[in-house]
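Going by my numbering, the sequence shown opens with residue 32, and the numbers climb by one from there.
Here the structure is laid out as structure tokens; the discussion comes afterwards.
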Amino acid sequence: MVCKLTASAAALGVSAVMATGALADAHSQNLSGDLIIFSDMSNPAPRAVMEGMVERFGEMHPDLNIELTVIDREAYKTQIRNFLTANSPDVANWYAGNRMAPYVDAGLFEDVSDIWEGTLSEELASTKGAMTMDGKQWGVPYTYYQWGVYYRKDIYDQYGLSEPQDWDTFKSNCQTLLDNGVKCFTIGTKFLWTAGGWFDYLNMRTNGFDYHMKLTAGEIPWTDDGVKATFANWRELIDMGAFIDNHTAYSWQEALPFMTGGDAAAYLMGNFAVAPLREAGLSDDQLDYFQFPAINADVELGEDAPTDTFHIPSGAANKDNAKAFLKWVVSADNQTLINAGNALGQLPVNSNSSVDDDKFLKEGFDVLSNKAPGGIAQFFDRDAPAEMAKVAMEGFQEFMVRPDNIDKILDRLERARGRIY
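Encoded structure:
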């Protein structure tokens, strides 16, 4: 259905100044005709954000007829190829990295490199790699969120531990905790993907972002020495007993009480874990965050930051209007507005945006904007094809329980690579 546009800047709790911050640039173009947008932002808060953006952009261009169709998020995933192939809209939501690759390869997404020219290339630099294929950019980002190590600062303080900057300190902190009866990390691997986060960070820190991207793209064998080095580093933690017992029995939410109860000191997780940790009673004095430390000093730090995006289908009828909309979407003011705590509650990608007065959002924004020179990964099950991600994450979970099976696991993953790619 075509939505009625009801969410305004005021409804999203933004001042008139902020609502009009990008207005001057938008008015420099006099847009008319049509703009057809398909969106998967179907949950209440994202939907209000999407409708608000359409309303504000429409107010800037009163001669422009904008039609927004919001499709259920899961249904959207099954419908996108169909509507990109026939009767495509002018703008469509999707995801960065490997998730956009099939549509780029099939010629279904438009090259929008010209949008990235000039200052925007610098302002959006943290995600440029994730939006680039064959040296060209195929969409723009509108939100992302950081991953990292969320930890019990009060427990670290109790045992005289500091945030680790390197692998040796990371492990020595862990040993101190274990010596005092505290597990280093909670984790729930019942649904596999949490182990994918550990592989992402260990592999990026061991071999670098580019290597990690080539591996998830099927260009590097799973039996490669670099992969084996990643698992050797992981095994150091497993052999220490760093992770909670029986983690295969828990979802990520079910693993939270080990941290809130003080049985485990930290969690490698996305920023979405902060709200339930706070709701469980941890104060911001007890809870803190650090960037996963370096392992190999010769590689630059990369980060996991799943990124949501806008694209122009190659079959769009109104590409000039679509490009104007995308350029406005990534403006610093709009990025600030839509990612605020009373909207998406995530991070703006534009480095000139501001974030809510929340210490985790501020620190995550700083990490992604300034401390991730290696690049921004999308998370294992987004960067690898779905079938490969499933097989690999099953292997990660098995390795955490039976690390002696590593050779069999890597052989199985390598056979899958040969079949899937």
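Glycine residues also receive a C-beta, built at the ideal position from the N, C-alpha and C atoms.
Asked, Found
"Reduced DSSP secondary structure (H/G/I, E/B, other) of S152", "helix"
"L99 versus M131 - alpha carbon distance", "21 Å"
"N118 versus W147 - alpha carbon distance", "27 Å"
"Member of S193, N129, V330 and G219 whose CA lies at the smallest distance from the CA of L208", "S193"
"Outcome for V432 when other beta-carbon atoms lying within 10 angstroms are tallied against a minimum of 16", "exposed"
"9 Å Cβ cutoff met for N129 and G239", "no"
"Among I269, E141 and L399, nearest to Q168 - alpha-carbon criterion", "E141"
"Alpha-carbon to alpha-carbon, P379 and N74", "19 Å"
"N401: first and last residue of the uninterrupted alpha helix (DSSP H) it sits in", "K390 to N401"
"Local conformation of P120 per DSSP, three classes", "coil"
"Contained alpha helix (DSSP H) runs [length at least 4] in the region 55-134, N- to C-terminal order", "75-91 and 104-116"
"Reduced DSSP category for L378 - H, G, I as helix; E, B as strand; rest coil", "strand"
"Cβ neighbours of T220 in the same chain (closer than 7 Å, five flanking residues each side left out)", "A226, H278, T279, Q428 and M431"
"Under 9 Å between C-beta atoms of F341 and W125", "yes"
"Closer than 9 Å to chain B by CB, A273", "The chain labelled as chain B is not found in the depicted structure, where only one protein chain is given."
"From K159, S70 and W224, residue whose alpha carbon lies closest to that of R413", "W224"
"Cα-Cα separation between R450 and A420, rounded to whole angstroms", "13 Å"
"CA-to-CA distance, G160 to L62, given in whole angstroms", "30 Å"
"Sequence ranges, beta strand (DSSP E) only - wholly within the region 168-235, length at least 3", "171-175, 178-183 and 214-216"
"Cα-Cα separation, A311 to A415", "34 Å"
"Reduced DSSP category for G449 - H, G, I as helix; E, B as strand; rest coil", "helix"
"Burial state of D316, where buried means 16 or more other Cβ atoms lie within 10 Å", "exposed"
"Outcome for G83 when other beta-carbon atoms lying within 10 angstroms are tallied against a minimum of 16", "buried"
"Where the beta strand (DSSP E) through G406 begins and ends", "G406 to A408"
"Opening and closing residue of the alpha helix (DSSP H) in which H243 lies", "F240 to T247"
"Endpoints, beta strand (DSSP E) assigned at E334", "G333 to D335"
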